[in-house]
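Notes follow once the structure below has been shown.
2 protein chains.
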Amino acid sequence: MTLTTSAPATTPAPVAAPAVPSRGRLRPLGLGEARIIGGFWGERQRVNAANTLAHIRGRLESEGWLGNFDLAAAGTLPDGRRGREFADSEVYKYLEALSWEIGRSGSAALEEDLRAVTARIAAAQEPDGYLNTRFGRPGQEPRWSDLEWGHELYCLGHLFQAAVARVRTHPEATDGLVDVARRAADLVCTVFGADGNQGVCGHPEIEVGLAELGRALGEQRYLTQAQLFVDRRGRATLADIEWGRVYFQDDVPVRDAEALRGHAVRANYLAAGAVDVAVENDDDALLDALREQWARTRGRRTYITGGQGSHHQDEAFGDDWELPPDRAYSETCAGIGSIMFSWRMLLAEGDAGYADLIERTLFNVVATSPSADGRAFFYANTLHQRVPGLPADPEGTSPRASSSLRAPWFDVSCCPPNVARTLASLDAYVATRDTDGVQVHQFAPAEIRTTLDDGRRIAVDIETDYPSSGTVRFVVRESADDPWTLTLRVPAWAAGATVRIGDGPSEESQPGAVSVRRAFAAGDVVELTLPLAPRFSHPAAEIDAVRGTVAVERGPEVLAVESVDLPAEGDVAGVVIDARTAPVERDGRVWVRAGVRPEPTPRWPYGEHRSEPAAMVEVPLVAYHDWANRGPSTMRVWLPTA
Amino acid sequence: MTLTTSAPATTPAPVAAPAVPSRGRLRPLGLGEARIIGGFWGERQRVNAANTLAHIRGRLESEGWLGNFDLAAAGTLPDGRRGREFADSEVYKYLEALSWEIGRSGSAALEEDLRAVTARIAAAQEPDGYLNTRFGRPGQEPRWSDLEWGHELYCLGHLFQAAVARVRTHPEATDGLVDVARRAADLVCTVFGADGNQGVCGHPEIEVGLAELGRALGEQRYLTQAQLFVDRRGRATLADIEWGRVYFQDDVPVRDAEALRGHAVRANYLAAGAVDVAVENDDDALLDALREQWARTRGRRTYITGGQGSHHQDEAFGDDWELPPDRAYSETCAGIGSIMFSWRMLLAEGDAGYADLIERTLFNVVATSPSADGRAFFYANTLHQRVPGLPADPEGTSPRASSSLRAPWFDVSCCPPNVARTLASLDAYVATRDTDGVQVHQFAPAEIRTTLDDGRRIAVDIETDYPSSGTVRFVVRESADDPWTLTLRVPAWAAGATVRIGDGPSEESQPGAVSVRRAFAAGDVVELTLPLAPRFSHPAAEIDAVRGTVAVERGPEVLAVESVDLPAEGDVAGVVIDARTAPVERDGRVWVRAGVRPEPTPRWPYGEHRSEPAAMVEVPLVAYHDWANRGPSTMRVWLPTA
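Protein sequence lines, in the order shown, are assigned to chains A and B. Start counting the first sequence at 1; every next residue gets the next number (my numbering). Start counting the second sequence at 643; every next residue gets the next number (my numbering).
Put into structure tokens, the structure is as follows:
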């Protein structure tokens, strides 16, 4: 290979990734540079493209949320408007998912739909750039009159993320989506600029949307506006609602807060945007604060699944250590928001802990939400289902976030398109590069084809059926002659992991990351072996709700006991586990030694209580992300110890 | 004494009690027959009369909820109406509280206020009897158009309970309250009768209100209408809201349900009304169902405090065994509803278990809600406060139900007047009679003066400073010559209780009830001694949220550890208790041996965790009902064992 040291003659293609900071420890790889080609995630991407996008498209039409734009264009609003105040945003998230998927596959059918939907949206935009179907027309409330609940800026933030996906995957596209976003962003800067309306949106999202649109289009003032919104938050400009201003993170300025708090999606979206602002402004103090918030949130406010949010009432974080499994809200969108926050911290700082949390959340929240056919979803992801639910009507719309079986659609249906856009862009989360090489953060069969800053081209294939097995092979397909470094994440749970180069000896690698630096040649193989033996995980003593229990994990997957696997008449309420006998893997499943106590007769349940010993039998576990796929059932992740 | 065997010449005075069934195992004693004269409850009744009633009166005026009736009378509604859709009901609960308090004390000032308030309400009633400030006028939604949330029938139920209190304490009163209620009840029977509107109210209360008004006024059709409402519920006539029809108990017919479920106040009010209907109709199947529901609810859905309701989101019961202490909602009004239900079951069946739960709920929910001065209240009663709250503004109104300090008033302010009416009528819950004697259910300094069905007069004084001490003396002041039975409840926790008659030997009594049958003479003394040594209480193994913890109780009081009692820098989050060393009583407080672990540094909280042993010291506990009276603090009832 010959190094290309001259600058390319044309503007470099944009990096086709959701977050592309101008600086930071690691550089993202776009969809063309990292490509998942199968395995656990490849199958989910296939279902997403084949089923989920069409499912969402159909619902956006049948629920009238797309039709709202037509009504706006026809001038017949507010009559006939359907859906909640934030319905526009689901259309935008769908467009973002389409954009990424077109970027992956080049699907002409999806391209046609993107153009059609964009045209309907563009027709609804007002001459000054304002775009929202819920506000501002005769008979509607005035623009920006309800910052607490109106979601106008929130919706635009999602529009901007869609435009970012579009411009980064199709820079020359003529569909107009980017123009629509630009006009709306200009209006936001005019209305909410330094001397303008000093408000913030009740649902953060505009921050991350504006910051990325500014990066994608090279518009500094969008970044400046994002900074203004981040700085203004926490100064009590929003109303003191029943759940307090903490719900909107308007209780404490971002740089003064100690942990994520309030509504868990809002908190994570805000934090993600704040990282963007901190990085672009070299604002180390803000980044320090966000690092501390991330650490405390992970350490005291995150479920073992990576899920976040302990309250159903306000879809919010609880206090430190308040992590009830049976009331876990763990909203799918909060998990996605957490990935957005962690990913930006990873790009900024490079620490493997961020990628660990992303992996945990991907396998146990993002993978849990959709059904196998991609046409039904968990909105909330409980860790303990006490009562079997009823199957959801595949044609219906669930008024409830917290069903015990996946539902095809919700009155508030943020999660399906959020899952779709995440899966469609997942390739971009597999690996990064820096000046000296490539870092692999997630393990999936994939092709990595990238160019370092100095022009050296690198091609690596990842071969694995992880997490079925723990062997991950990195096969170099193309390499510069100079040495470069291949860095592999070693998950925190993977004590005993080994790395082998070619036919060399296996060497143990400590959790964190292992770096192999050498002058690679095509055909070189690095093999990472992660120990996947099922293991017990104990909760910290401070987590009151699961004291005296253990969970079982296998690699990145949290396991659970589901009633359909118990002896007849048994229920997860009566399960007690023998925690002195290690879980074993047999016949493709993980088994524990457990007993199932019979249901006690009702009596006053406090005082002197001796529980009956239960006969111990072998009980199989299910991957948490696979539960509730075999009909109504009860389920628990945390297993009381005998 | 000479027995009076002839019938009295005039209609007997009504029994001045909230619930007076026409049949059943026990007969209630009215305010004139049982009179609390001091002690724990006497002090709370004094504060209620001296402070709380005036506090409520002031807020009803300043919040405009009373003024709504003036606007209705002036024909100027809907403009200017203030408060939530159920604001009328708070005025009615205040009138009920006034009526009972006037019945106790004869206060002329309160009597004057009752007349003044009643006049304002009466002026708002429409010619056909309709009474509600929120519906039915030009510019308002039509009458009965929002049965899910309109609360019209709910408000009337409270009006009827107020009228019941009035007519039973002042049968000859000319204020017009009873007439207002009668006109409204007649309208309800016309509109919702057998051939009328087949709906039910989204918030049960009309059932118990109509049943009791029917009893108090001898109007069978009110009882019939109550029965219709009970029978119609559970048949999905209300909408399927986000939380499901279970929220309104409209998921399953009353007689088919297995436990209380859904909104905890609604569930208990409905159950109370259903007992009334079952008893009046000799409907044993319905009473059987309610007995089973009570038992399962007590056994699996009730906190150690007697509190009910595990969900903040919908103020609802959780599933069986879902009793998180830190998310305990345990609404004050749900506790009061539970007392209403238990009391009616006690009158119907006589079992001491009902009175046990009433006592527990009185001491740990009803007594917990009001501040010492009776001008601030807990709406929700958490069992674990993790973060100190901010003091409430004494002039303010709290938008939040779940504050960690008592608040003077709430946007939804059901609890203050509910506490007031309960305390003002508490005398009626002390004792009952049957054909053979008197049964004492609650222990307070009191005078009991009643007449058995056969005309025998009985006078007994109760002398005690319970629960400071466990000695309760029953001094007979007047007795028929014939033998009769004095039955004393022995709480389930009181193993080792003894009874002594006069100077006789102490005899141990099993928990349940002890009956002393003899030909008592004036001056006879029966002394019950209840062991009050503090004790550990263990939760049933099925209650996941408090596994590995113990609570400490003393007599009927649940105790708690509060941060203000811990060593400096200590917090309840770090408390671990030595459960092998029994709690001791010293210097008027209960002490346990406990350590306080320091706060851990943030890290991933699942995996291998060894908690540091903490140095053990003596830590004093506080009665749960007294917590949060010494400034912002954290608190927990359930103490992890070392």
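Ideal Cβ placement from N, Cα and C applies to all residues, glycine included.
Query                                                                                                                                      : Result
Euclidean distance between Cα positions of residue 1221 of chain B and residue 397 of chain A                                              : 51 Å
Near-chain A residues of the stretch 1020 to 1039 of chain B - C-beta to any C-beta below 8 Å                                              : 1026, 1028 and 1029
Straight-line gap, residue 1065 of chain B to residue 299 of chain A (C-alpha atoms, nearest Å)                                            : 46 Å
Inter-residue Cα distance where the pair is residue 1218 of chain B and residue 238 of chain A                                             : 40 Å
Same chain, Cβ closer than 6 Å to residue 214 of chain A, neighbours up to 5 away in sequence not counted                                  : 222 and 223
Selected residue, minimal CA-CA separation from residue 838 of chain B, among B/786, B/1084, B/886 and B/812                               : B/786
Reduced DSSP secondary structure (H/G/I, E/B, other) of residue 1185 of chain B                                                            : coil
Residues of the stretch 311 to 326 of chain A whose Cβ lies closer than 9 Å to any Cβ of chain B, in chain order                           : 311, 312, 313, 314, 318, 319, 320, 321, 322, 323, 324, 325 and 326
Sequence-distant residues of its chain with Cβ nearer than 8 Å to residue 681 of chain B (five each side left out)                         : 1086, 1087, 1106, 1107 and 1108
Contacts that residue 538 of chain A makes with chain B (C-beta to C-beta distance below 8 Å)                                              : 1248, 1249, 1250 and 1251
Separation of residue 301 of chain A from residue 101 of chain A, as counted between CA atoms                                              : 33 Å
Minimum C-alpha distance to residue 716 of chain B - residue among B/761, B/977 and B/766                                                  : B/766
Cβ-Cβ distance between residue 975 of chain B and residue 896 of chain B below 8 Å                                                         : no
Chain A within 8 Å of residue 1190 of chain B, Cβ atoms only                                                                               : yes
Classification of residue 153 of chain A by the beta-carbon crowding that lies within 10 angstroms, buried from 16 upward                  : buried
Distance, residue 276 of chain A Cα to residue 120 of chain A Cα                                                                           : 31 Å
Bridge partner(s) assigned by DSSP for residue 679 of chain B                                                                              : DSSP output for residue 679 of chain B lists no bridge partner at all.
C-alpha distance - residue 1265 of chain B paired with residue 1198 of chain B, whole-angstrom precision                                   : 10 Å
Chain-order list of residues whose beta-carbon lies under 7 Å from that of residue 8 of chain A (same chain, five-residue window excluded) : Note on residue 8 of chain A: pLDDT 43, under 50, position unreliable in the model; the coordinate value appears next. Closer than 7 Å at the Cβ level, and outside the excluded window around residue 8 of chain A, lies no residue.
Proximity of residue 287 of chain A and residue 279 of chain A at Cβ, strictly below 8 Å                                                   : yes
Strand pairing of residue 385 of chain A, partner residues [DSSP]                                                                          : A/635
Test: residue 5 of chain A CB closer than 8 Å to a CB of chain B                                                                           : Low confidence applies here, because residue 5 of chain A scores a pLDDT of 41, under 50, leaving its location unreliable; read the following figure in that light. Chain B contact via Cβ: absent.
Proximal residues to residue 846 of chain B (C-beta, below 6 Å), its chain only, five neighbours per side dropped                          : 908, 911 and 912
Min CB distance residue 882 of chain B to chain A below 8 Å                                                                                : yes
Alpha-carbon spacing of residue 1216 of chain B relative to residue 1205 of chain B, whole angstroms                                       : 10 Å
4 or more residues per run - each alpha helix (DSSP H) lying fully within the stretch 76 to 140 of chain A                                 : 87 to 105 and 108 to 124
Per DSSP, cross-strand counterpart(s) of residue 908 of chain B                                                                            : In the DSSP output, where bridge partners are listed per residue, residue 908 of chain B has none listed.
Inter-residue spacing [alpha-carbon to alpha-carbon] between residue 1262 of chain B and residue 1228 of chain B                           : 9 Å
6 Å CB neighbourhood of residue 1170 of chain B in its chain, flanking five on each side removed                                           : 1114, 1130 and 1141
Sequence-distant residues of its chain with Cβ nearer than 7 Å to residue 181 of chain A (five each side left out)                         : 159, 160, 163 and 213
Burial state of residue 33 of chain A (16 or more Cβ within 10 Å)                                                                          : buried
Min CB distance residue 542 of chain A to chain B below 8 Å                                                                                : yes
Unbroken beta strand (DSSP E) run spanning residue 621 of chain A, endpoints                                                               : Element bounds for residue 621 of chain A: n/a, residue is neither H nor E.
Residue range of the beta strand (DSSP E) that includes residue 559 of chain A                                                             : 557 to 562
Under 7 Å by beta carbon: chain B residues contacting residue 416 of chain A                                                               : Correct list: empty, because the minimum Cβ distance to chain B is about 18 Å.
CA-to-CA distance, residue 898 of chain B to residue 665 of chain B, given in whole angstroms                                              : 24 Å
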